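For the sequence shown, my numbering assigns the number 4 to the initial residue and increments by one for each residue that follows.
Each remark here refers to the structure printed beneath this line.
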Amino acid sequence: MSRLIVISNRVSTPKPRSAGAQGGLAVALSAALREYRGIWFGWSGGKTDEFTGQINLHREDGVTTATIDLEEQDVDEYYNGYANRTLWPLFHYRIDLAEYDRSFGSGYERVNERFAETVTPLVEPDDLVWVHDYHLIPLGQQLRQRGLRNRIGFFLHIPWPPHRLMVSLPFHQRLVRSMLAYDLIGFQCAEWLESFHHYITRELGGTVFDDGMIEVDGRRVQTAAFPIGVDVAEFEAAMETQDARNAFETLKRSLEDKKVVIGVDRLDYSKGIEERFLGYRRFLEENPDWHGKVSLLQIAPPSRGEVHTYETIRDTLDGLSGRINGEFAHVDWVPIRYVNQGYPREGLAGFYRASDVALVTPLRDGMNLVAKEYVAAQDPADPGVLILSRFAGAAHQLGEAILINPYSKDEVSDAIRSALTMPKAERRRRWEALIDNVRREDVLSWRHAFVAALAGDQVETPEPEPETGEVAV
Ligand code: ADQ
């Protein structure tokens with residue numbers, strides 16, 4: 004079996020009982036890397052005065068990690084700049100928030116070159132190379148320029164924007180053409196794949212074949228959707244721990260007999276937390292009979308603190324949760340519990356299980372693993388209800404959730420009411436369909452499918468998708 008070289012912006016040393024929020028990518032890859040020999044390469048998260056290309060090797064829990072430190076300017080321009088102020092908002096359809104700065108673009112290219120320079124000597128001829136996410140789009144081309152002939156694949160964890168938005172990026176052609184150096188490009192769902200195909204045909208004059216192969220100027224690249232999932236077995240094991248039981252009991256006890264609606268997100272404008280609060284407020288306005296009987300628990304640890312828009316969203320949510328609580332609270336009831344901290348997975352599992360409803364309402368999301376974790380954590384005999392944004396990649400698979408438009412306060416409000424009053428038989432019917440998908444399309448099948456396709460095995464074309472157009476409330 005070939006070794007696997009995984010390259011991503013950040014490398015997370017496997018931490019079975021990690022405290023605090025780990026990104027979705029970290030959670031998924033630490034599970035995948037346990038099985039493969041090989042190396043996980045990326046930025047350590049640390050800074051150095053002068054980049055030397057020195058690699059820190061570390062081996063733990065069957066995974067070898069190789070990390071480098073970056074200069075302050077690299078971090079500002081590549082990570083805080085081009086990745087998080089330019090590509091992240093643009094790829095989440097927020098061209099109003101995207102910032103274009105020449106120094107961001109050159110910092111991005113410089114760091115991709117630095118990654119390529121440092122990782123190339125670690126790659127052996129038969130290795131499969133798997134590059135992750137928007138931080139490293141041009142890395143494949145950089146690796147080819149350094150002589151790598153290996154099979155190299157790229158997986159995008161976030162959405163691919165529609166063609167008309169993509170062209171607002173200066174030098175967009177240069178960025179997309181660099182992707183032709185890969186052998187395989189994977190997306191989370193058919194929608195992002197389709198947007199990429201539109202770009203290829205309309206902007207680059209390329210051809211898209213029925214099996215997902217694209218051809219541009221004589222160069223062929225396989226493309227496909229590979230929906231990422233969660234490690235269900237690991238999540239079920241987390242559910243069995245004392246910490247999970249303690250979290251479950253703590254939440255249940257503190258709520259007495261009230262119902263709980265839970266939201267768990269990194270604090271990010273793409274997650275639609277502000278719109279969720281407004282939808283919940285609409286629910287409180289329209290349903291006075293529920294006052295004192297339900298609480299929204301929103302867990303949202305801050306992320307990307309050095310980017311200004313993230314300070315703004317934090318201020319907005321602090322103010323809004325305070326106003327809603329001020330407006331509706333009684334001496335013995337607070338409608339929103341807003342918590343700005345991360346929790347270990349066991350704790351989260353217990354909170355999910357203790358919650359009657361999950362509100363997962365991103366305005367745009369590549370996939371969204373919280374939706375799947377919530378499903379995996381439910382009691383089969385008495386499961387909770389998932390309310391899910393139709394704009395999350397996960398909506399393509401989880402059609403039995405209550406699917407809503409997160410921009411509509413009315414839809415959010417109606418969905419909360421439907422979820423809180425849903426008869427047990429319907430909750431079970433929906434949950435059984437959801438858990439079936441969460442188990443079938445888990446992180447293992449995602450990894451197997453991508454690596455098999457990268458190794459050159461047959462790629463399956465995506466299955467037809469369930470209709471997600473109507474609100475099922
Ligand atoms: P993220 O944007 O980080 O990931 P998501 O898929 O929801 O979003 O993953 C978040 C992960 O962080 C989950 O595993 C969750 O449990 C964890 N997490 C969130 N809040 C937490 C908290 N308060 N405490 C502890 N853990 C917390 C990106 C894309 C997604 C895509 C993933 C994986 O934006 O669309 O699903 O990558 O590809």
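C-beta atoms are modelled at their ideal positions from N, C-alpha and C, and glycine is treated no differently.
Just so you know, these numbers come straight off a predicted model, no measurement behind them.
Contact check for residue 90 against residue 140 passes: the beta carbons are separated by less than 9 Å. Residue 9 has its alpha-carbon roughly 11 Å from the corresponding atom of residue 126. With a threshold of 8 Å, the Cβ atom of residue 92 does not count as near the ligand ADQ, since no heavy atom of the ligand is closer than that. At a threshold of 8 Å, residue 115 does not count as near the ligand ADQ, since its beta carbon sits no closer than that to any of the ligand's heavy atoms.
The C-alpha of residue 150 lies about 20 Å from the C-alpha of residue 459. Separation of residue 406 and residue 145 (C-alpha to C-alpha, rounded to the nearest whole angstrom) is 41 Å. Minimum Cα-Cα distance from residue 431 among the listed residues 440, 457, 386 and 445 corresponds to 386.
Taking residue 246 as the centre and dropping the five residues before and after it, the same chain places the C-beta of 347, 349, 350 and 353 closer than 8 Å to its C-beta, in chain order. Here residue 223 has 216 and 217 as same chain residues with Cβ atoms under 8 Å from its own Cβ, once five neighbours each way along the sequence are excluded. Between residue 363 and residue 373, the CB-CB gap stays under 9 Å. About 5 Å separates the CB atoms of residue 365 and residue 275; that is less than 8 Å, so the two are in contact. Going by beta carbons, residue 5 and residue 104 fall outside the 9 Å limit. Around residue 115, the same chain offers 139, 141, 142 and 145 as residues with beta carbons nearer than 7 Å, after the five sequence neighbours per side are excluded.
In this structure, the C-beta of residue 191 approaches the ligand ADQ to less than 8 Å from one of its heavy atoms.
Taking C-beta separations shorter than 8 Å and ignoring five residues to either side along the sequence, the partners of residue 266 in its chain run 276, 279, 299, 300, 301, 302, 303, 361, 362, 363 and 364, following chain order. The continuous alpha helix (DSSP H) containing residue 456 extends over residues 446 to 457.
Per DSSP, the unbroken beta strand (DSSP E) holding residue 262 starts and ends at 262 to 267. For residue 223, the secondary structure class from DSSP, reduced to helix, strand or coil, is strand.
Remark: the C-beta of residue 57 is outside contact range of the ligand ADQ, defined as less than 8 Å to any heavy atom. Taken through DSSP and simplified to helix, strand or coil, residue 78 comes out as helix.
Bounds of the beta strand (DSSP E) holding residue 12 are 7 to 13. In the DSSP secondary-structure assignment, residue 236 is not bridged to any residue.
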